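First up is the structure itself, then whatever we jot down about it.
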Amino acid sequence: MKRKIMTTLLLISYATMSEVWAMPDASPPTVSFNIDHIWVLLSAALVFFMQAGFKAFEVGMVRAEHGNAVAIKNLIDWIIGSLIFLFIGFGIMFGKSSYGLIGTDLFFGIGVQDNPEGSGLGTIFFLFQIAFATTALTIVSGAMSERTGFIPYMTASAIVAVVIYPVFGHWVWGNLFYEDNPAWLADLGFIDFAGSTVVHSIGAWVGLVGIWIIGPRLGRFDSHGNPKEFKPANYSYSVLGLLILWLGWWGFNGGSQLALDGAVGDIILNTNIAGAAAGLVAFFHCYWFQNRKDLYPKFLGGIIGGLVAITACCANVNHFGALAVGLTAGLVHNYGYDLILYKLKLDDPVGAIPVHGFCGVWGTLCVALFGQLGPETSRLTQLGIQALGVSVAFVFTITVSYVMFTLLKKTIGLRVSPDEEKYGIIIGGEANMGEEEEEMEMSEEELLQLMK
2 MKRKIMTTLL LISYATMSEV WAMPDASPPT VSFNIDHIWV LLSAALVFFM QAGFKAFEVG
62 MVRAEHGNAV AIKNLIDWII GSLIFLFIGF GIMFGKSSYG LIGTDLFFGI GVQDNPEGSG
122 LGTIFFLFQI AFATTALTIV SGAMSERTGF IPYMTASAIV AVVIYPVFGH WVWGNLFYED
182 NPAWLADLGF IDFAGSTVVH SIGAWVGLVG IWIIGPRLGR FDSHGNPKEF KPANYSYSVL
242 GLLILWLGWW GFNGGSQLAL DGAVGDIILN TNIAGAAAGL VAFFHCYWFQ NRKDLYPKFL
302 GGIIGGLVAI TACCANVNHF GALAVGLTAG LVHNYGYDLI LYKLKLDDPV GAIPVHGFCG
362 VWGTLCVALF GQLGPETSRL TQLGIQALGV SVAFVFTITV SYVMFTLLKK TIGLRVSPDE
422 EKYGIIIGGE ANMGEEEEEM EMSEEELLQL MK
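With my numbering, you'll find the sequence shown wraps up at 453, consecutive numbering, no jumps.
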């Protein structure tokens with residue numbers, strides 16, 4: 002019996018190989034076309050793997066009792082982002098444009114594959130963009146960690162995936178699927194190659210409004226507004242997450258070329274240079290000139306800030322330009338970190354705002370400052386266009402996010418109970434009262450905030 006089965010399998014294999022051997026050699030364009038598909042699909046997988054990086058990074062940065070909730074929220078990001086972006090978001094972002102403002106087809110994935118007018122990558126392009134959309138959602142999750150309920154967070158994620166991210170994305174990248182699509186910011190000359198603004202700053206500005214409306218974690222600031230130290234779970238988890246993110250960024254930026262050509266190597270090398278340079282500057286700047294108790298989060302955040310910054314201009318700068326972007330991004334991150342925590346008194350447990358917001362803006366401006374521009378475009382003109390783009394992103398996102406979070410707060414609520422915040426958020430159950438209790442002081446203002 003076994004011999005018959007093996008004989009049958011061998012005959013099938015031989016027949017299959019005969020068909021392969023009988024096929025004519027693929028012409029160079031066909032080979033290139035297939036390689037491009039493989040590269041973008043691999044890049045999509047790398048960007049998807051960044052979800053594991055965000056999970057590990059954030060679990061290490063928050064307090065130990067909140068690690069499970071952070072991990073589940075990252076999983077929710079992928080689930081919601083995948084489905085909502087499939088049904089509605091992708092069509093709004095890349096569909097046939099209505100006056101350069103919003104897409105009007107490609108909903109439910111209809112027309113994505115084998116579209117004679119659309120991208121030849123078809124569904125592979127769609128998978129790549131799903132991974133991008135979920136990255137923006139994950140940034141919000143990290144910023145609002147430890148005090149946001151699951152249901153309001155899921156609702157906010159759905160709104161970001163269907164409105165905020167795809168609408169602004171259409172204004173910049175609306176011509177990536179249909180080349181003749183009007184995209185009003187892109188038509189003005191705004192450049193954001195892989196999403197310093199479209200992905201990272203958008204996610205950061207949503208998170209900024211969220212942490213402002215929901216308020217800080219209980220006990221994070223004393224009665225004088227000075228931050229009190231909250232012990233992170235384990236920085237080694239965050240280092241692991243950072244390395245996964247760094248690897249994923251090779252696909253994030255390299256895959257945005259949408260082809261495996263000679264530029265991809267330089268794009269990935271620029272990405273690596275900027276991340277390394279930013280981390281070096283962030284480390285020594287904090288060590289020599291700032292409060293050393295912030296050294297670990299600033300060092301790790303500085304590296305990611307450099308990766309975020311180069312994302313907009315990795316295809317436009319040479320290697321020395323990438324070095325300049327990274328060196329300056331390290332400083333932008335450190336000053337932004339102090340601005341958020343010590344000046345504005347905003348509680349961002351994972352440092353998402355300085356990393357993705359401030360460094361995202363800086364990297365987008367660096368297109369004009371360090372990029373290789375066309376002969377008819379001056380740096381000052383390009384800088385004005387870049388500044389317009391980041392300003393539109395900020396105003397649009399802040400406005401919609403404020404309305405969204407205000408409505409959620411007044412209806413289903415945003416914040417978990419004090420016990421859940423203290424002992425850890427567990428969906429579908431009680432707070433984990435078995436954990437060792439930490440001393441937490443609630444100011445009068447925090448008590449009044451909870452009673453609202």
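Yeah, the Cβ is synthetic: ideal placement off N, Cα and C, and Gly gets one too.
All of these numbers come straight from a predicted model, not from anything done at the bench.
Please state the DSSP three-state secondary structure of residue i.
i: I178; result: Checking the sequence, you will find Phe at residue 178 rather than Ile. In this structure, F178 counts as coil in the three-state DSSP scheme.
i: R416; result: strand
i: T149; result: strand
i: I354; result: helix
i: E377; result: coil
i: I131; result: helix
i: I111; result: coil
i: A195; result: coil
i: G123; result: coil
i: D188; result: helix
i: G425; result: coil
i: T9; result: The predicted position of T9 is uncertain, since its pLDDT is 49 and thus under 50; a value taken from the coordinates is nonetheless stated next. In the structure shown, T9 sits in a helix (DSSP, three-state: H, G or I).
i: N116; result: coil
i: P167; result: helix
i: K346; result: coil
i: A234; result: coil
i: G92; result: helix
i: V404; result: helix
i: G372; result: coil
i: V63; result: coil
i: G216; result: coil
Considering only DSSP beta bridges, list what residue i is partnered with.
i: P228; result: F222
i: S98; result: G104
Which one of the options has the shortest CA to CA distance from residue i?
i: E377; options: G190, L177, A157 and D295; result: G190
i: T139; options: V48, C367 and N292; result: V48
i: G68; options: A45, G119 and P350; result: P350
i: K97; options: F194, W40, A132 and D106; result: D106
i: N75; options: V309, L408, F58 and L308; result: F58
i: A72; options: S142, G104, I81 and S99; result: S142
i: A461; options: A162, F95 and W174; result: Residue numbering for the chain in the displayed model covers 2 to 453; residue 461 lies beyond these limits and cannot be assessed.
i: D420; options: R218, A388 and P233; result: R218
i: N235; options: V60, S418 and Y424; result: V60
i: N477; options: G92, C314, T156 and R148; result: Not covered by the structure: residue 477. The range shown for the chain is 2 to 453.
i: T136; options: F151, I39 and K56; result: K56
i: L301; options: L241, G390 and L347; result: L241
i: A45; options: A195, M94 and D115; result: A195
i: G352; options: I386, W79 and Y297; result: Y297
i: G266; options: L281, W250 and A278; result: W250
i: W1; options: F231, S146, I103 and L122; result: Nothing about residue 1 can be reported from this structure: the residues present for the chain run from 2 to 453 only.
i: D348; options: D262, V63 and M405; result: V63
i: Y179; options: H286, P117, G226 and I160; result: P117
i: V318; options: T272, E422 and I165; result: T272
i: L342; options: K299, G375, G112 and T329; result: K299
i: I269; options: A313, Q291 and R293; result: A313
i: A310; options: G211, A278, G82 and S83; result: A278
i: A316; options: N292, L345 and F253; result: F253
i: L87; options: I131, G123 and G112; result: I131
i: T398; options: V282, D295 and G358; result: G358
Between residue i and the ligand COA, is the CB less than 8 Å from at least one heavy atom?
i: A187; result: The ligand COA is not part of this structure, which contains no ligands at all.
Using a Cβ cut-off of 9 Å (strictly closer), state whether residue i contacts chain B.
i: A57; result: The chain inventory of the structure shown lacks chain B, comprising one protein chain alone.
Across the region 198-208 and the region 167-185, are there enough close Cβ pairs to call them in contact, namely three or more that are closer than 8 Å? yes
For the region 337-355 against the region 178-188, do three or more pairs of beta-carbon atoms, one drawn from each stretch, fall closer than 8 Å, so that the two count as touching? no
Contact between the region 220-229 and the region 51-60 (3+ Cβ pairs under 8 Å): no
Minimum length 4: unbroken alpha helix (DSSP H) runs contained in the region 312-341: 320-339
The region 317-333 in contact with the region 204-215 per 3-pair CB rule at 8 Å: no
Does the contact criterion of 3 or more C-beta pairs under 8 Å hold for the region 296-306 versus the region 328-335? yes
Secondary structure, alpha helix (DSSP H): runs of 4+ residues fully inside the region 249-299: 264-290
Three or more beta-carbon pairs under 8 Å between the region 146-163 and the region 394-410, yes or no? yes
Should the region 36-43 be called in touch with the region 243-260, which here means at least 3 C-beta pairs below 8 Å? yes
Tell me, please, whether the region 372-387 touches the region 225-233 by the rule of three or more beta-carbon pairs shorter than 8 Å. no
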